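In what follows, a single structure is set out as structure tokens and then discussed.
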Amino acid sequence: MKVYTKTGDKGTTALFGGTRVPKDHARIESYGTVDELNSHIGLIRDQEMNAHYKEILIEIQDRLFTVGAILATPPEKEVKKNGELRLKKLGIIESDIELLENEIDAMEEALPPMTHFVLPGGHTTVSYCHIARCVCRRAERLAVHLSHNEPVAEIAIKYLNRLSDYLFVLARKLSHDLNVDEVKWIPRK
């Protein structure tokens, strides 16, 4: 299989099921941003950290491939001509969201309560988490935007929402683990 196909040379690309759309279509923007997010999470995973965090990040990357597949499948192509579901072995389920919530809860138990907004930074790994959080929020916004025009599985949007929370708390926890002081935002008086 060749990497280049030349089918996109005129500014279109194929969704799951073969439908061709412009490369700037909301569906492409949406799953393309999820792909970007997945790359940022890979960058976080490449940093020195607790092995448990790396395992969770691998799980998240796997789930993001699923979110991308969901977003890359137009509603009219969700069922194949033979009646089979196109993504029958893929899906985001409530336990995927519960995993993120359980991880957030466990990390927050070891952290002091938040009393101020936190400025991103303090350590490269922490900064990568904040960048990924911002990309995750953009992916969520794009998925919501897409949902205004075409059906999008609510659970995919919910997963992205919870993932941005996870990435924020992971940044705080890594600051704690690395003994880095969080810089708090203090508004002008």
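Be aware that the sequence shown starts at 400, since it is given in my numbering, and climbs by one per residue.
Glycine included, each C-beta is placed from N, C-alpha and C at the ideal position.
Since the structure is predicted, the reported quantities are computational estimates derived from the model, not experimental observations.
Could you say which of Ala-538, Lys-572, Glu-507 lies nearest to Ile-427 if we only look at CA atoms?
Its Cα nearest to that of Ile-427, the residue Ala-538 stands out among Ala-538, Lys-572, Glu-507.
Can you list, in chain order, the residues of its chain whose CB lies under 7 Å from that of Gly-521, leaving out five sequence neighbours each side?
Excluding five sequence positions before and after Gly-521, the CB atoms of its chain that fall closer than 7 Å to its own CB belong to Ser-574, Val-579, Asp-580, Glu-581, Val-582, given in chain order.
Please classify Gly-467: is it buried, with 16 or more other beta-carbons within 10 angstroms of its beta-carbon, or exposed?
With 16 or more Cβ atoms within 10 Å of its Cβ, Gly-467 is classed as buried.
Quick one: residues in its chain with C-beta nearer than 6 Å to the C-beta of Ser-429, no 5 flanking neighbours on either side, listed in chain order?
A distance below 6 Å between beta-carbons, with the five flanking residues on each side excluded, links Ser-429 to the following residues of its chain, in chain order: Leu-470, Leu-541, Ala-542, Leu-545.
Residue burial classification, Ala-450 (beta-carbon count within 10 angstroms, cutoff 16):
Exposed.
Validate contact between the region 453-463 and the region 506-524 using beta carbons, cut 8 Å, 3 pairs
Too few Cβ pairs lie closer than 8 Å, so no.
Mind checking whether Gly-431 and Pro-421 have CB atoms under 7 Å apart?
No, the Cβ-Cβ distance between Gly-431 and Pro-421 is not below 7 Å.
How about Leu-566 and Ala-509: are their beta carbons less than 7 Å apart?
In this structure, Ala-509 does not lie closer than 7 Å to Leu-566 by Cβ.
Around the C-beta of Val-534, are 16 or more other C-beta atoms found within 10 angstroms, so that it is buried, or is it exposed?
With 16 or more Cβ atoms within 10 Å of its Cβ, Val-534 is classed as buried.
Buried versus exposed, by CB contacts within 10 Å (16 or more), Asn-437:
Under the 10 Å beta carbon count, Asn-437 is surrounded by 16 or more other beta carbons and is classified as buried.
Where Glu-475 falls, given that 16 or more other Cβ within 10 Å makes a residue buried:
Residue environment analysis places Glu-475 among the exposed positions, since fewer than 16 neighbouring C-beta atoms fall within 10 angstroms of its C-beta.
Expected contact under 8 Å - CB spacing of Thr-465 and Gly-490 to nearest Å
With 8 Å as the limit, Thr-465 and Gly-490 qualify as a contact, their Cβ atoms being about 7 Å apart.
Let me check understanding here. Comparing Cα to Cα, which of Arg-561, Val-402, Pro-586 lies closest to Ile-496?
Nearest option by C-alpha distance: Arg-561.
Going by alpha carbons, who is nearest to Asp-564 out of Cys-528, Tyr-452, Val-551, Glu-549?
Among Cys-528, Tyr-452, Val-551, Glu-549, the Cα nearest to that of Asp-564 is on Cys-528.
Might you give, ordered along the chain, the residues of its own chain that have their beta carbon closer than 6 Å to the beta carbon of Arg-444, omitting 5 neighbours on each side?
For Arg-444, same chain residues with a beta-carbon under 6 Å away, outside a window of 5 residues either side, are Lys-453, Leu-456 in chain order.
Nearest to Val-517 (by Cα), restricted to the options Thr-406, Ile-585, Leu-442, Glu-435:
Per the Cα distances, Ile-585.
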